[in-house]
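Take a look at the structure set out below.
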Amino acid sequence: MEEIKFTIDGQEVTAKPGQSVLEATLAAGIYIPNLCYDPKLEPYGGCRLCVVEIEGMRGLPTACTTKVTPGMKVRSETPEVHQVRKITMELLVADHPLECLTCSLNQRCDLQKAAAFLGVDQSRLRRSERALANDESNPFFVRDFKKCILCARCVRVCSEVRGLGAIDMAKRGYEAFISPFAGLPIADSICESCGECVDHCPTGALYVRGEAILPGKEVKTICPYCGVGCQMVLGIRQNRIVKVLGDLTYPVNSGSLCVKGRFGLDFASSEDRLKTPLIKKNGQLVEATWDEALDLVASRFKEIKKKHGGQAIAGLCSAKATNEENYLFQKFIRAGAGSPHIDHCARL
Ligand code: SF4
Ligand code: SF4
Ligand code: SF4
Ligand code: FES
């Protein structure tokens, strides 16, 4: 496809057809402050931080909603652009808690980054505070209304990516807030706890419980739960998983995860995790070796088959096993045990 050339502050930049000014500029390594833009979502134009001057266009269009055209001349660093962005940012932080040091998103926060870029460290405006109490009803994440900048990324990702629409913007103006239908707590709504909204929130308004620790290293791996095989990036600290993100570069899931993958990996370091087979002896489960366990299973299979026939045996294999393993397992149940009862768990 033919590339489009345009300039930003005199620098020539190349865009792909259909790209917005913001997308092409960010791809070229030039930062334009933005908060409601999200590469996975339709352009929204809500935060108005990405305003620019474009030769021949009236006013200050938003870079995220304006498509690049050949020869376009964009200016991002003029005094007027800077002044408008700065006032917008001052309005945003006027009711935002000044508690970055204790915020779970500290150092990873898009609002912090944009404010620092614009040189806004406090608002000249009278400070105010939103009165809504946190929604702590979900077992995995919390919504802190005080840190919400109403960019609607959570609303849009739930609707556009998950196809669910569990949350929306309620009320208008200064009273606006994000809410499930009828103002219910999120736990009483149709929310499936996938955490996609948490992942896409640019501030600490949505945060995962107990995730304040920064990882020491990251490891790419495949989710252990179902046959979809989503790729994930695990944040590791002292041999424990402290953060789970979907891998944006992996075509199978493009960064998305479901509730099991995103929030269900705490078993990995659980004290209760089974590491050896258990055999029931005198009503008690006791640890055994693999040889003991396999010998017991083989002898019980033989006993059952002799007494009740092969049809009394059923096999349930796993969607996470390889094709070869599943082939061997069904062969074992059908040809070895002599049973037609073979199935697999599609989602576990
Ligand atoms: S959301 Fe960002 S700006 Fe707000 S307190 Fe947290 S780190 Fe600071
Ligand atoms: S957790 Fe998932 S389903 Fe629930 S509101 Fe967020 S995006 Fe929607
Ligand atoms: S909760 Fe986060 S993603 Fe949702 S509107 Fe507020 S700041 Fe934006
Ligand atoms: S990023 Fe363009 S208006 Fe928010």
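Per my numbering, the very first residue in the sequence shown carries number 42; after that it's consecutive.
Glycine included, C-beta positions come from ideal geometry on N, C-alpha and C.
- Judged by pairs of C-beta atoms under 8 Å, the segment 49-57 touches the segment 105-122, as three or more such pairs exist.
- Distance from the Cα of N294 is smallest, within the candidate group C267, L315, S311, L319, for C267.
- Setting aside the 5 residues that flank it on each side, I254 is surrounded in the same chain by R278, V283, each with a C-beta closer than 7 Å to its C-beta; the list follows chain order.
- Across the set G100, D151, G87, the C-alpha of D151 shows the shortest separation from the C-alpha of Y72.
- About 12 Å separates the CB atoms of T48 and V93; that is not less than 8 Å, and the two are not in contact.
- In the three-state DSSP reduction, F308 falls in the helix class (H, G or I).
- Sorting A135, F181, E131 by C-alpha distance to the C-alpha of F158 places E131 at the top.
- Between A104 and V134, the gap from beta carbon to beta carbon reaches 8 Å or more.
- By DSSP's assignment, S380 forms no beta bridge with any residue.
- Within the segment 341-386, the complete alpha helix (DSSP H) segments of 4 residues or longer fall at 364-372, listed in chain order.
- By the 16-neighbour rule on beta-carbons within 10 angstroms, H241 is buried.
- For I128, the enclosing alpha helix (DSSP H) has its first and last residue at 120-135.
- Per DSSP, A207 lies in no beta strand (DSSP E) and is assigned neither H nor E.
- It is roughly 38 Å from the alpha-carbon of A353 to the alpha-carbon of R303.
- The alpha carbon of C141 has as its nearest neighbour, out of T244, E333, P256, M273, the alpha carbon of T244.
- Within the same chain, and ignoring the five residues on either side of P80 in sequence, the residues whose Cβ sits closer than 8 Å to its Cβ are E64.
- Around the C-beta of Q272, 16 or more other C-beta atoms lie within 10 Å, and the residue is accordingly described as buried.
- Within the same chain, Cβ atoms closer than 8 Å to the Cβ of I95 are found at V62, P102, T107, M113, K114, V115, R116, the five residues on either side in sequence being excluded.
- Secondary structure of V109 (DSSP, three-state): coil.
- Y248 sits close to S145, with the two beta carbons spaced by under 8 Å.
- With respect to the 8 Å criterion, G270 and C264 are classified as neighbours on the basis of their beta carbons.
- Spatial neighbours of C358 in its own chain (CB-CB distance under 6 Å, excluding positions within 5 residues in sequence) are listed in chain order as N367, F370, H385.
- In this structure the segment 199-213 does not touch the segment 167-179; the number of beta carbon pairs closer than 8 Å is below three.
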